[in-house]
Amino acid sequence: MVTTSCHCGAVRCELAAPPETLTQCNCSICRRIGGLWAYYRPEQVKLVSEPGATLAYVWGDRFLELHTCRTCGCTTHWEPVEKEGATKMGINARMMEPAVIAGLRVRHIDGADTWEELGWSVHG
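Given below as C-alpha cells:
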C-alpha cells in the first residue's frame, strides 16, 4: 500500500499499490499546478479526509473535478464528475514520497493542443 498526503496532512489517499507509470500533461491547468499523475481505478483508492476538506474545481468540458486541499492548497487528485461507471481517477504523484516515484517512466501528453503523446522520460 502507498499513502499520499497534502502538505498539511488533511487530505490523504491510500492506494492499493505504487504506480507503474506517471503522466505529465501540459494543458492549461496541469502546467499551472505542476501535476504529475498516477492513474488508478476508483476502487484502488481510499480517500482519507474529513468531509469538505477539498475544494473541487470543474472547468472546460466539465468532465473532471480537480481536488485541492482547503487548508494548504495542494492539488491532491482528480476524479470524474460522473462517478457512476468511472474507470479511472488521477492521483497527484507529487503527494507521494519521492522514493515511491523515483525512476518511474513518465509519459508526456500534449494536453495544450493535440492530446497526442509526446514521448517518455524517467522521473527523478
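Just so we're aligned, residue -14 is where the sequence shown starts under our numbering, counting upward by one. Note that the Cβ used here is the ideal one computed from N, Cα and C, for glycine as well.
Query: For G88 and H108, the rounded distance between their alpha carbons; Result: 5 Å
Query: Validate contact between the region 73 to 86 and the region 14 to 30 using beta carbons, cut 8 Å, 3 pairs; Result: yes
Query: Residues near R79 in its chain [Cβ-Cβ closer than 6 Å; skip 5 each side]; Result: L21
Query: Complete runs of the beta strand (DSSP E) confined to the region 24 to 86 [at least 3 residues]; Result: 30 to 33, 39 to 42, 49 to 54, 60 to 65, 74 to 77
Query: Cβ-based neighbour list, T39, same chain, cut-off 7 Å, excluding 5 preceding and 5 following; Result: V(-4), H52, T53, C54, R55, T61
Query: Touch test, the region 86 to 102 against the region 32 to 49, Cβ-Cβ under 8 Å, three pairs minimum; Result: no
Query: Cα-Cα separation, N11 to W100; Result: 9 Å
Query: T8 and C(-2) closer than 7 Å at C-beta; Result: no
Query: Buried versus exposed call for W105 [16 or more other C-beta atoms within 10 Å across all chains shown]; Result: exposed
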